[in-house]
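Just so we're aligned: 97 in numbering that gives the first Met the number 0 is position 98 of the sequence shown, and the numbers increase by one with no gaps anywhere.
All C-beta atoms, glycine included, are put in the ideal place defined by N, C-alpha and C.
Report on one structure; see the data block that follows.
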Amino acid sequence: MNKIILRIVLLILFSTVVSIAQVNPLEKILNENKDKFGHVIENPDSFEVQIIYTQINRDKNNFPKLTTHKYNVNPKNYFYPASTVKLPLAILALEKLNSLKIAGLNKFTPIRIDSNVVKQSCLFADTSSVTGIPSIAHLIKKLFLVSDNDSYNYLYEFLGQKGINKTLHNKGYKDVKIVHRFVSGLSAEENSRTNTVDFYSGEKIIYHQPSLINTEEYPTALNKLQKGIGYLNAKDSLVNKPFDFSQKNYISLETLTDLLKAIIFPEAVPAKMRFNLTSDDYKFLYKYMSMFPRESKYPGYDTSHFDGYVKYFLFGDSHKKAQGNIRSFDKVGLAYGYLTDIAYIIDFKNKIEFMLSATILVNKDGIFNDNKYEYNQIGLPFLANLGRAVYNYELNRTKNHLPDLSKFNINYVSE
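This is how it looks when you write it as structure tokens:
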């Protein structure tokens with residue numbers, strides 16, 4: 000009898016240990032904070048919520064081990080990525096400059112972009128830069144500081160539609176289709192063509208890229224491409240049928256997270272998925288991914304560009320100044336009722352670091368393109384509270400080795 004009882008006790012203990020081991024900390028965090036976002040979590044499919052939380056554990060040599068936890072994530076469930084696609088374009092632009100291996104050609108080299116067909120825009124000057132001259136570096140800076148759409152469009156011209164998708168696919172980032180600028184009214188054929196691009200040293204052209212035409216197509220087998228019950232067309236007339244996202248940009252939350260991992264922790268991802276960047280390129284990205292608009296002199300931004308303007312986790316629901324010891328290295332997206340943030344968040348004072356990615360749809364009336372979305376009422380509070388909930392969990396999480404975060408200790412004095 001004693002042996003039977005012992006076996007039962009051991010079985011119960013084993014089951015308890017297994018159960019504890021299988022607990023998803025992300026689900027634990029959500030369940031313990033239902034008062035902050037219970038309504039959304041009770042209806043994750045209607046809000047199209049997806050969340051990825053990556054814990055970071057360092058060894059004695061400060062090498063990071065990344066452990067990912069997911070909630071309601073399905074790369075085949077389409078969501079509109081909006082400005083998050085600017086992250087890969089910034090990375091690819093720096094990599095392309097390095098890969099060309101041309102003397103004098105770098106991210107600070109003056110650039111000119113001409114217009115070849117109707118609706119395309121040219122770039123000859125940039126009054127927001129300290130020199131008044133445009134460069135890839137300044138475009139990337141604005142792209143991260145305030146999610147500038149024109150900067151994305153000019154990087155799109157430099158990289159070309161085919162170059163963007165082929166490079167990412169070849170590196171193993173498969174769940175990607177970037178096929179349009181952020182310019183309304185362009186057809187698929189118009190988006191497949193890019194402008195001529197020239198880089199200058201003085202008045203001498205050191206690199207000329209002719210207009211490019213992409214004939215490749217990128218079919219995707221995705222769910223939920225038809226959304227809502229209606230939409231407003233170009234004439235602001237209501238069309239009573241679902242909005243079709245099949246010709247829009249696509250990138251999964253997992254792929255966005257993998258791209259961020261490759262930039263923040265290149266040593267911890269497979270070699271194939273890394274990018275050909277210099278040490279200075281990484282430092283440049285880190286600076287402007289984490290910088291607040293108020294810290295920039297060129298361009299200078301007014302108070303409407305508050306700290307949480309493009310930093311939704313922790314800060315997005317407030318216009319207050321962020322704590323100085325906390326930085327978010329991120330890229331956000333907001334359009335068609337979707338809000339997304341992909342971030343590596345650190346706290347220098349408390350030695351905290353984690354990665355968090357999330358997307359949510361807030362479109363109560365089911366009508367797209369009507370600019371009636373619950374961004375401030377639901378979306379931003381949800382993401383800000385999610386960031387705070389994960390931060391508080393990390394604040395109390397035991398680690399064998401505290402991280403050395405000196406790599407990310409950046410001087411934000413800027414031109």
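Asked                                                                                                           : Found
Cβ shell of S98 (< 7 Å), same chain only, five flanking positions each side left out                            : N275
Residue interval of the alpha helix (DSSP H) (run including Y311)                                               : Per DSSP, Y311 belongs to no alpha helix (DSSP H) and is neither H nor E.
Spatial neighbours of L394 in its chain, beta-carbon cut-off 7 Å, leaving aside the 5 residues before and after : N349 and I351
Residue from A261, K398 and K161 with nearest C-alpha to A342                                                   : A261
Buried versus exposed, by CB contacts within 10 Å (16 or more), S128                                            : buried
Touch test, the segment 228–246 against the segment 354–373, Cβ-Cβ under 8 Å, three pairs minimum               : yes
Among V309, K363 and E31, nearest to D290 - alpha-carbon criterion                                              : Note on identity: in this sequence residue 290 is Met, with Asp being the wrong assignment. Closest by alpha carbon: V309.
Inter-residue Cα distance where the pair is P464 and Y199                                                       : Because residue 464 is not part of the residues shown, which for the chain are 0 to 414, the question remains open.
Nearest neighbour of F244, chosen from I28, S120, G336 and L255 [CA to CA]                                      : G336
Beta-carbon spacing of I250, V412 below 7 Å                                                                     : no
Same chain only: Cβ atoms within 7 Å of K271, ignoring 5 sequence neighbours per side                           : K170 and G171
For N190, three-class secondary structure by DSSP                                                               : helix
Where G307 falls, given that 16 or more other Cβ within 10 Å makes a residue buried                             : buried
Same chain, Cβ closer than 7 Å to K363, neighbours up to 5 away in sequence not counted                         : E373
CB contact below 7 Å: K398 versus chain C                                                                       : Among the protein chains of the structure shown there is no chain C, as only one such chain exists.
Beta-carbon gap between L104 and I204 smaller than 7 Å                                                          : no
Opening and closing residue of the beta strand (DSSP E) in which L258 lies                                      : Segment L252 to I263 is the alpha helix (DSSP H) holding L258; no beta strand (DSSP E) there.
Start and end residues, beta strand (DSSP E) containing P63                                                     : P63 to Y70
Helix, strand or coil at I50 [DSSP, three-state]                                                                : strand
Residues sharing a beta bridge with N76, DSSP                                                                   : N222
Cβ-based neighbour list, F264, same chain, cut-off 6 Å, excluding 5 preceding and 5 following                   : P63
Straight-line gap, H207 to Y77 (C-alpha atoms, nearest Å)                                                       : 37 Å
Pair within 7 Å by beta-carbon distance, Y311 and V331                                                          : yes
Expected contact under 8 Å - CB spacing of T389 and L360 to nearest Å                                           : Looking at the sequence provided, one finds Val at residue 389 rather than Thr. Not quite, the Cβ-Cβ distance comes to about 21 Å (not below 8 Å), so this is no contact.
Span separating the alpha-carbon of L167 from that of I51                                                       : 21 Å
Residue span of the alpha helix (DSSP H) that contains D280, given as start and end                             : S278 to S289
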